[in-house]
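Note sheet for the following structure.
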Amino acid sequence: MGKRVCLGLCMAFAVAFIFILSGRSLAAEFSADLLLKQARETITGKVYVKGDKTRQEYLQKEEKYVMISRFDKGIVWVLIPAEKIYMESSSREGTASDPRLDQKIKDTAVKKYLGKEEVNGYMCEKYQYIYNDKSMGSVTQWFSQKLSYPIKSEYNAPSGYTLIEYKNIIEGKVADSLFEIPGDYAKMSVPGWR
């Protein structure tokens, strides 16, 4: 379970970083197919977005994982439905609601506008963020103005390449219950995770 939880945590922080970098208004409501590529692994799943809340569901090694990011509360939850457990990371620092967000991005990365491109039927503004710390590499995002959300992100770093992309996007209402922990789940403590 350790490697799978690690991937879940990495995805959680990748999504949080996408939201932070975009630094935009609240996203529209939509669902989509999720594609995540890392090294030799490709993971597919579903994503649900409602304002400043996201939910990702994916299978890894035939085990289902759910990651809920509540940027309104500064919380990320990773749920393991088969075991009815969840892990929580809580940090208001650096969330999209942080009024110092623009300055933090300027302090850690250089932002370059790369033009416009259509991605999966949506016109997007393409940006590249190059970290001041070269060991962290860069992030390229395709940000949909219509959805107020990035629908494709590429991470290039010495440690490897990651692609996150949303396909088959369906705009429309998303149930609030998708962004809550079911009442019968138990909290699991993870050392070093707050």
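Counting with the numbering used here, you get residues 11 to 204 for the letters of the sequence shown.
Each residue gets a CB set at the ideal place from its N, CA and C atoms; glycine is no exception.
All values derive from a computational prediction rather than experimental measurement.
Inside the region 47 to 109 only - beta strand (DSSP E) runs reaching at least 3 residues = 51 to 61, 63 to 70, 73 to 80, 85 to 90, 95 to 100
Cβ-based neighbour list, VAL129, same chain, cut-off 7 Å, excluding 5 preceding and 5 following | TRP152, ILE161, LYS162
Hey, which unbroken runs of the beta strand (DSSP E) at 3 residues or more fall wholly within the region 125 to 149?
-> Qualifying beta strand (DSSP E) stretches, in chain order: 132 to 141.
Inter-stretch contact at 8 Å, needing at least 3 Cβ pairs: the region 165 to 177 / the region 40 to 54 | yes
Taking only the alpha-carbon atoms, compute the straight-line gap between TYR115 and TYR75 and give it to the nearest angstrom.
-> Checking the sequence, you will find Ile at residue 115 rather than Tyr. Computed Cα separation, rounded: 30 Å.
What are the residues that DSSP puts in a beta bridge with VAL120?
-> Its beta-bridge partners are ILE140.
Along the chain, where does the beta strand (DSSP E) that runs through LYS177 open and close?
-> Going by DSSP, LYS177 is part of the beta strand (DSSP E) stretching over 170 to 181.
Cβ shell of MET198 (< 6 Å), same chain only, five flanking positions each side left out = Listed in chain order, the non-local C-beta contacts of MET198 below 6 Å within the same chain comprise ILE95, MET97, local neighbours out to five positions each way being set aside.
Taking GLY159 as part of the beta strand (DSSP E), name the residues at either end of that continuous run.
-> Looking at the sequence itself, residue 159 is Tyr, so the reference to Gly does not match. Where TYR159 is concerned, the enclosing beta strand (DSSP E) stretches over 159 to 167.
When the distance is taken between beta carbons, is ALA119 closer than 7 Å to TYR137?
-> no
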